[in-house]
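**Q**
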Amino acid sequence: MQHEPFTALAAVYDAIMADVEYDHWADFVLTYARDGGLETADASALDLACGTGGFTRELLAAGLDVTGLDGSAAMLTEARRRVPGVNFVAGDLRDFDLERRFDLVTCVFDSLNNLLTPAELAQALARCRAHLAPGGLLAFDVNTRLGVRELWEDDAVEGVAPLAGGGEVHYHWSHHHDPAADLGVVQAFCRVLGEDGETQEFVETHRERGYDPADLEPLLSGLDFARFEIVEYPDFAPPTADTPRVWVFAWAPGGDA
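Quick note: the sequence shown, position 17, residue 17 per our numbering, numbers continuous.
1. What residue range is occupied by the uninterrupted beta strand (DSSP E) comprising S44?
2. Starting from H24, follow the alpha helix (DSSP H) in both directions and report where the run begins and ends.
3. Is the region 134-145 touching the region 156-163 in the sense that three or more CB pairs, one from each, lie closer than 8 Å?
4. Near R57, what residues of its chain come up, given a Cβ to Cβ distance below 6 Å and the 5 sequence neighbours on each side ignored?
5. What are the boundary residues of the beta strand (DSSP E) that includes E158?
6. Use the C-beta contact count for G254: other C-beta atoms within 10 angstroms, 16 or more gives buried, fewer gives exposed.
7. Could you spell out where the alpha helix (DSSP H) holding L216 opens and where it closes?
8. Is the beta carbon of L59 less than 8 Å from the beta carbon of D47?
9. What does the alpha-carbon distance come out to for the pair L112 and L138?
10. Return the Cβ separation of Y13 and E78 in integer angstroms, given the expectation that the two are a contact with Cβ distance under 8 Å.
11. Taking Cβ to Cβ, would you say A10 is nearer than 8 Å to A133?
12. Between which two residues does the alpha helix (DSSP H) carrying E39 extend?
13. Which residue comes first and which comes last in the beta strand (DSSP E) that contains R101?
14. Based on DSSP bridge pairs, tell me the residues matched to L93.
15. Any idea which residues DSSP pairs I230 with across the strands?
16. Is the CB-CB distance between A8 and E168 below 8 Å?
17. Quick one: what does DSSP say P134 is sitting in, helix, strand or coil?
18. Assuming L98 and V105 make a contact with CB atoms under 8 Å, what is their CB distance in whole Å?
19. Suppose contacts are defined by Cβ-Cβ distances below 8 Å. Is A49 in contact with L64 by that definition?
20. Rounded to whole angstroms, what is the Cα-Cα separation between V108 and D95?
21. In the DSSP output, which residue or residues are listed as bridge partners for C190?
22. Just curious, the beta strand (DSSP E) that T67 is in, first and last residue?
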């Protein structure tokens with residue numbers, strides 16, 4: 001019943017995450033990009049930790065030439081089915097090398113929080129920087145330390161979601177903070193009821209480390225960005241001590257940004 005993260009979950013992920021506002025996030029990112037001088041029409045984009053392609057699809061719909069990368073073969077299988085025509089590739093955030101550069105590199109939905117040490121995060125950010133074209137933009141979000149400690153009210157979410165092929169998934173996800181490791185731990189339990197009446201259950205354990213602006217700034221400063229900003233969604237306001245999630249926008253030298 002226990003599975004590795006983002007394996008069994010892939011088949012029901014879109015049902016559980018049906019309310020995620022990928023479209024609003026894409027508008028947020030692309031508005032910032034255009035305001036900074038990046039011509040997004042026909043621009044190339046790399047969507048890291050793309051999962052089942054929810055954010056990738058929004059970038060594609062906005063007219064970008066998108067490549068998606070993820071470390072989970074199961075999630076990539078769903079992405080290829082959901083967003084046909086996109087080049088989806090397997091890769092590790094810490095060491096991927098696609099031998100090309102992109103106008104826009106994105107990594108959303110606190111995916112970088114799955115890197116559990118600052119050293120791993122530094123590796124990933126260095127790979128992002130290496131894949132940016134001159135004048136290109138890196139955009140990502142992370143949960144702060146506060147956000148990881150206080151992920152959900154009452155430390156649990158649960159519900160029932162219909163599956164596209166019939167049946168439904170019952171889910172109960174519980175969260176706790178491990179103070180010794182300073183990690184948030186989510187136990188994701190799912191019971192899948194197929195349209196044929198067959199029942200399957202599984203649990204995945206997901207761990208995240210929170211990163212505050214003070215953790216991010218020295219890493220970004222050492223990567224030859226022309227400039228970067230750390231802001232809140234959706235108004236681009238400066239984060240405060242109570243901000244649970246921040247967005248980072250970092251420009252590579254060589255453009256008008």
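Note that the Cβ used here is the ideal one computed from N, Cα and C, for glycine as well.
For clarity, every value in this text was computed on a predicted model and none was experimentally measured.
**A** This is what the structure gives:
1. S44 to L48 is the extent of the beta strand (DSSP E) around S44.
2. Y22 to D35
3. Touching, no.
4. Answer for R57: V83, listed in chain order.
5. A156 to P162
6. That one is exposed.
7. P213 to S221
8. yes
9. 13 Å
10. Indeed, because the Cβ distance is near 7 Å, the residues count as touching under 8 Å.
11. no
12. Unbroken run through E39: none, as it is neither H nor E.
13. From DSSP, R101 is part of no beta strand (DSSP E); its letter is neither H nor E.
14. None, per the DSSP bridge assignment.
15. V248
16. no
17. In the structure shown, P134 sits in a strand (DSSP, three-state: E or B).
18. Wrong, their Cβ atoms sit about 10 Å apart, outside the cutoff.
19. no
20. 18 Å
21. DSSP lists Y171 and F202 as partners of C190.
22. For T67, the enclosing beta strand (DSSP E) has its first and last residue at D65 to D70.
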